[in-house]
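According to the working numbering, numbering within the sequence shown proceeds without interruption in unit steps and concludes at 287.
Ideal placement from N, C-alpha and C gives every residue a C-beta, glycine not left out.
All figures in this text were calculated on a predicted structure; none of them were measured in a lab.
Everything below concerns the one structure shown next.
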Amino acid sequence: MKTIRRHLPFMTVFVIFLGISFGLLAVATVDTVSTPEPKLSVASLALPKISATAALVVDSETKTVLYEQQADDILPIASVTKLFSSALYWSGVDPFATTTITTSDLKADGRSGRLQAGQTYQNRELLFPALLESSNDASTVMERVAPFDLVAAMNEYTKKHGATQTIFTDPSGLSDGNVSTVRELVTLFIALVDEYPHIIDITRLPQYFNHVNAWLNNSPFIDTPGYAGGKQGFTKAANRTAIVRFMEPIGGRERAVVYVLLGSDNLKSDIDILRQFVNSAARFE
Numbered sequence: 003m004k005t006i007r008r009h010l011p012f013m014t015v016f017v018i019f020l021g022i023s024f025g026l027l028a029v030a031t032v033d034t035v036s037t038p039e040p041k042l043s044v045a046s047l048a049l050p051k052i053s054a055t056a057a058l059v060v061d062s063e064t065k066t067v068l069y070e071q072q073a074d075d076i077l078p079i080a081s082v083t084k085l086f087s088s089a090l091y092w093s094g095v096d097p098f099a100t101t102t103i104t105t106s107d108l109k110a111d112g113r114s115g116r117l118q119a120g121q122t123y124q125n126r127e128l129l130f131p132a133l134l135e136s137s138n139d140a141s142t143v144m145e146r147v148a149p150f151d152l153v154a155a156m157n158e159y160t161k162k163h164g165a166t167q168t169i170f171t172d173p174s175g176l177s178d179g180n181v182s183t184v185r186e187l188v189t190l191f192i193a194l195v196d197e198y199p200h201i202i203d204i205t206r207l208p209q210y211f212n213h214v215n216a217w218l219n220n221s222p223f224i225d226t227p228g229y230a231g232g233k234q235g236f237t238k239a240a241n242r243t244a245i246v247r248f249m250e251p252i253g254g255r256e257r258a259v260v261y262v263l264l265g266s267d268n269l270k271s272d273i274d275i276l277r278q279f280v281n282s283a284a285r286f287e
């Protein structure tokens, strides 16, 4: 009996040790089993009809396609071009150096942004008429001021991101030679948001004032709740075009969703239809 009593404490400690060890092992095993992340998907609903020739709607984080129509058709993109000319211009200029507007800068067709010969602007200020009011004159000045071939730099940017069907021939989008697909434009826009957030931030401003001028944002979406930047355009050949981003409440989560339309008769109507579809059909499962 004495021998048994002498070893009881040791046996008790040993049993407790084993219990703790197995308990820790069980906890460690549970911790390593992760719950799969819910996947974003689209319910099997009839796709809505829109006026645009081509359209693509994508969740910017997961790259999940939420709507697709003629996504690989090569079409003119109009002033959507200015997102890319502005970004590449911004990447190379001294933002606080100044430039004076010349008469030859003001020969472009279309919107002028009220630039006048003799006015002096800091290089950074040229972004505001280009992106807010889609000034073709501002794009012309940026091309002159850039310390490199701006259009060539834009085309190098598309190659860098694998956009083989996207071609730029001028910095404004007036040329019908500026073409792309909605699929490539989604890829390029998502890259632009990551690499040049300042450009996207400007497109969200309702207006901008300086000592010389004032520019109002002419986007049809600027007052729409959830709007998070983008650019629209128009030429006769391109019809109405747009790359826009909206924050959408999908499955109780706020998602950045990119909408790209080319050849639209009515951008506002098309985007409204697509947003309604996304909010009713997109879900996590």
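- Take P40, set aside five residues on each side of it, and the residues of its chain with a beta-carbon closer than 8 Å to its own are G253, F286 and E287, in chain order.
- When the Cα atoms are used, V60 and G120 turn out to be separated by approximately 44 Å.
- For the pair S106 and K51, the Cα-to-Cα distance works out to about 44 Å.
- Separation of T226 and E197 (C-alpha to C-alpha, rounded to the nearest whole angstrom) is 25 Å.
- Of T166, H200 and V260, the smallest CA-CA separation from D75 is found for T166.
- At the C-beta level, V153 and T171 come within 9 Å of one another.
- As the crow flies, the alpha-carbon of D267 is around 18 Å from that of V181.
- Three or more beta-carbon pairs separated by less than 8 Å link the stretch 204-216 to the stretch 126-136, which places the two stretches in contact.
- Within the model, the alpha-carbon separation for V147 versus Q278 is close to 43 Å.
- Look at R206 here: in three-state DSSP terms it is coil, with no helix or strand label.
- Within the same chain, and ignoring the five residues on either side of I169 in sequence, the residues whose Cβ sits closer than 8 Å to its Cβ are N157, T160, G179, N180, V181 and S182.
- Contact holds between the stretch 77-97 and the stretch 230-247, because three or more Cβ pairs, one in each stretch, are under 8 Å apart.
- Counting only runs of 4+ residues, the alpha helix (DSSP H) found wholly inside the stretch 106-194 occupies 129-134, 138-147 and 152-162, in chain order.
- Secondary structure at L90: helix, using DSSP grouped into helix, strand and coil.
- Spatial neighbours of L263 in its own chain (CB-CB distance under 6 Å, excluding positions within 5 residues in sequence) are listed in chain order as A54, A57, A244 and D272.
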